[in-house]
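In the working numbering, the protein residues as written are 185 to 557.
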């Protein structure tokens, strides 16, 4: 089997917050018979057991939601217990969790530290930016709770990455956000664009950004980071580019030639090829009924993955294609376009690479020199 990782949704789209821009919230309508979604122990055990029976150099599991901590600490204790039970001697397991950080307790932080969970925390910037769209279900601000949760994690020496969503609230604030995060001591950062669609009004959602805006944000962020912080602050967006330039490797799926690197596991065991495509038409099966080999070799999974290489003519002739890989299918199929369409973010991505080309070339040379290449 081709190596793959798992993105598990133990509580589906359930969340204790009500962020305006959440892309996963509509998933709940696909499971209307349940008001609360929780992964049963039998499903959890089957997922872990069958995954640990496959051959992987590293068994990589990312726990997401919704808000995955709603599953409770005991759920994750069971998950690790199953990993130990079914893992072969010497098996390497990497657990990561993406959380809004508002429910982090000392006990949970101690657990994440003990089992070396990498914890991604959603933080959109300083309070006046973060609280624009990230509110509780009752409409209350969340910044202080998030910082309290992150402080708890750091007090217990848990590895924390910051995930920032770039929206209309912060699209012009790259430098401000970067400086804020750096002063807070957050040296592992990732930024993702808000590319959402209002299906009722058939137009971009009011909080979504354009491709041009994304390009400007990334360029401003690079200028704040380069050259002074390149060895002290890791920004995944830039590390991805350098990984591609130096080693020719795709460290994230969007730069690859296909979409067959991981499976999404919903709370009831339903399997999907990508968390941006958790809809009935993309369902591959259920882990209680089918094995990973069958799912990976299914025509549906192959057909989905191959769409990534169905590139637009302009895309094929672009000098930046080796670095961007044609971008994520979600952004190419934005506004109901076909998979072969140019990414909604294409203008900004091109501008970003034009702006940073010399800087990345110098960084590539520095890395090669350090390696003695």
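Idealized CB from N, CA, C, for every residue including glycine.
Treat the numbers as computed from the prediction; the structure is a model and nothing was measured.
Extent of the continuous alpha helix (DSSP H) run through residue 407: In the chain shown, counting from the first residue as 1, residue 407 sits at position 223. Segment 395-409, the alpha helix (DSSP H) holding residue 407.
One or two residues paired with residue 247 in a DSSP bridge: For the purposes of this step, residue 247 is taken as the residue at position 63 of the chain shown. 192 and 281, per the DSSP bridge assignment.
C-beta atoms of residue 451 and residue 287 nearer than 9 angstroms: Residue mapping note: residue 451 aligns to position 267 of the chain shown, counting from 1. Residue mapping note: residue 287 aligns to position 103 of the chain shown, counting from 1. Cβ distance not < 9 angstroms, so residue 451 and residue 287 don't count as in contact.
Ordered list of beta strand (DSSP E) runs contained in the segment 452-507, each at least 3 residues: 454-456
Residue from 242, 297 and 226 with nearest C-alpha to residue 262: To locate residue 262, count along the chain shown from 1; it is residue 78. Closest option to residue 262, Cα to Cα, is 226.
Closest residue to residue 449 among 474, 431, 352 and 332 (Cα-Cα distance): By 1-based counting over the chain shown, the position of residue 449 is 265. Cα-wise, what sits closest to residue 449 is 474.
9 angstroms Cβ cutoff met for residue 537 and residue 398: Numbered from its first residue, the chain shown carries residue 537 at position 353. Numbered from its first residue, the chain shown carries residue 398 at position 214. No, the pair does not count as a contact, with Cβ atoms beyond the cut-off.
Counted within 10 angstroms of its Cβ, other Cβ atoms place residue 354 as buried (16 or more) or exposed: In the chain shown, counting from the first residue as 1, residue 354 sits at position 170. Label assigned to residue 354: buried.
Residue range of the beta strand (DSSP E) that includes residue 306: The count along the chain shown starts at 1 and reaches residue 306 at position 122. Element bounds for residue 306: 302-306.
Stretch pair the segment 341-359 + the segment 302-312: three plus CB contacts closer than 8 angstroms: yes
Residue 310 vs residue 327 beta-carbon contact at 9 angstroms: Sequence index remark: in the chain shown, residue 310 carries index 126 (1-based). Sequence index remark: in the chain shown, residue 327 carries index 143 (1-based). Yes, they are a contact pair.
Residue span of the beta strand (DSSP E) that contains residue 215, given as start and end: Here residue 215 refers to the residue found at position 31 when the chain shown is read from its first residue. Where residue 215 is concerned, there is no enclosing beta strand (DSSP E), given that its DSSP letter is neither H nor E.
Secondary structure of residue 334, DSSP reduced to three states: As a working mapping, residue 334 is identified with position 150 in the chain shown. Of the three classes helix, strand and coil, the one that applies to residue 334 here is helix, per DSSP.
Strand pairing of residue 373, partner residues [DSSP]: The residue labelled residue 373 in the question sits at position 189 within the chain shown. Residue 373 pairs with 346 and 419.
Under the three-state DSSP convention, the category residue 382 falls into: Counted from its first residue, the chain shown places residue 382 at position 198. Of the three classes helix, strand and coil, the one that applies to residue 382 here is strand, per DSSP.
Span of the beta strand (DSSP E), counted from its first residue to its last, around residue 536: Within the chain shown, residue 536 is the residue found at index 352, counting from 1. That residue, residue 536, is in no beta strand (DSSP E); its alpha helix (DSSP H) goes 530-555.
Residue range of the unbroken alpha helix (DSSP H) whose run includes residue 264: Here residue 264 refers to the residue found at position 80 when the chain shown is read from its first residue. Counting along the chain, the alpha helix (DSSP H) containing residue 264 begins and ends at 257-270.
CB contact flag (residue 128, residue 544, <9 angstroms): The question about residue 128 has no answer here: the residues shown for the chain are numbered 185 through 557.
Exposure of residue 483, with buried meaning 16 or more beta-carbon neighbours within 10 Å: For the purposes of this step, residue 483 is taken as the residue at position 299 of the chain shown. Looking at its Cβ environment, which holds fewer than 16 other Cβ atoms inside 10 Å, residue 483 is exposed.
Cβ-based burial, residue 404 [other Cβ within 10 Å; buried from 16]: Locating residue 404 in the chain shown gives position 220, counting from the first residue. It is buried - the Cβ of residue 404 has at least 16 other Cβ atoms within 10 Å.
Residue burial classification, residue 454 (beta-carbon count within 10 angstroms, cutoff 16): The residue labelled residue 454 in the question sits at position 270 within the chain shown. Buried, since its Cβ has 16 or more Cβ neighbours within 10 Å.
CA nearest to the CA of residue 504, picked from 554, 485 and 527: Taking the first residue of the chain shown as 1, we reach residue 504 at position 320. Taking only the C-alpha atoms, the option nearest residue 504 is 527.
Alpha-carbon spacing of residue 411 relative to residue 540, whole angstroms: Here the question's residue 411 lines up with position 227 in the chain shown. Here the question's residue 540 lines up with position 356 in the chain shown. The alpha-carbon atoms of residue 411 and residue 540 are separated by roughly 11 angstroms.
Reduced DSSP category for residue 276 - H, G, I as helix; E, B as strand; rest coil: Your numbering for residue 276 matches position 92 in the chain shown. The answer is coil: DSSP assigns residue 276 none of H, G, I, E or B.
Beta-carbon proximity list for residue 423, same chain, < 8 angstroms, skipping 5 on both sides: Within the chain shown, the letter at position 239 stands for residue 423. Correct list, in chain order: 435.
Helix, strand or coil at residue 387 [DSSP, three-state]: Within the chain shown, numbered from 1, the residue matching residue 387 stands at position 203. Three-state DSSP puts residue 387 in a strand.
C-alpha distance - residue 200 paired with residue 321, whole-angstrom precision: Looking up residue 200 in the chain shown gives position 16. Looking up residue 321 in the chain shown gives position 137. Near 7 angstroms, if we compare the C-alpha coordinates of residue 321 and residue 200.
Spatial neighbours of residue 282 in its chain, beta-carbon cut-off 6 angstroms, leaving aside the 5 residues before and after: Position 98 of the chain shown holds residue 282. Cβ neighbours of residue 282 beyond the five flanking positions: 248 and 304.
Coil, strand or helix - residue 319 by DSSP: Counted from its first residue, the chain shown places residue 319 at position 135. Correct three-state label for residue 319: strand.
At least 3 beta-carbon pairs within less than 8 angstroms: the segment 204-219 vs the segment 267-281: no
Residue 368 in three-state terms, based on DSSP: Locating residue 368 in the chain shown gives position 184, where the first residue counts as 1. Residue 368: coil per DSSP, three-state reduction.
Near the ligand MN: residue 332 beta-carbon under 8 angstroms from a heavy atom: With respect to the ligand MN, the structure shown offers nothing to examine, as it has no ligands at all.
8 angstroms contact criterion, which residue 205 and residue 362 should meet: CB distance rounded: Here the question's residue 205 lines up with position 21 in the chain shown. Here the question's residue 362 lines up with position 178 in the chain shown. Between residue 362 and residue 205 the Cβ distance is about 21 angstroms, and since that is not below 8 angstroms, they are no contact.
Cα-Cα separation, residue 202 to residue 314: As a first step, residue 202 is located in the chain shown; it is residue number 18 there, counting from the start. As a first step, residue 314 is located in the chain shown; it is residue number 130 there, counting from the start. Straight-line Cα distance between these residues: approximately 13 angstroms.
Host beta strand (DSSP E) of residue 448 (start-end): Taking the chain shown and counting its residues from 1, one reaches residue 448 at position 264. Note, residue 448: beta strand (DSSP E), 446-449.
Where residue 519 sits in the DSSP three-state scheme: As a working note, residue 519 is residue 335 in the chain shown. In the structure shown, residue 519 sits in a helix (DSSP, three-state: H, G or I).
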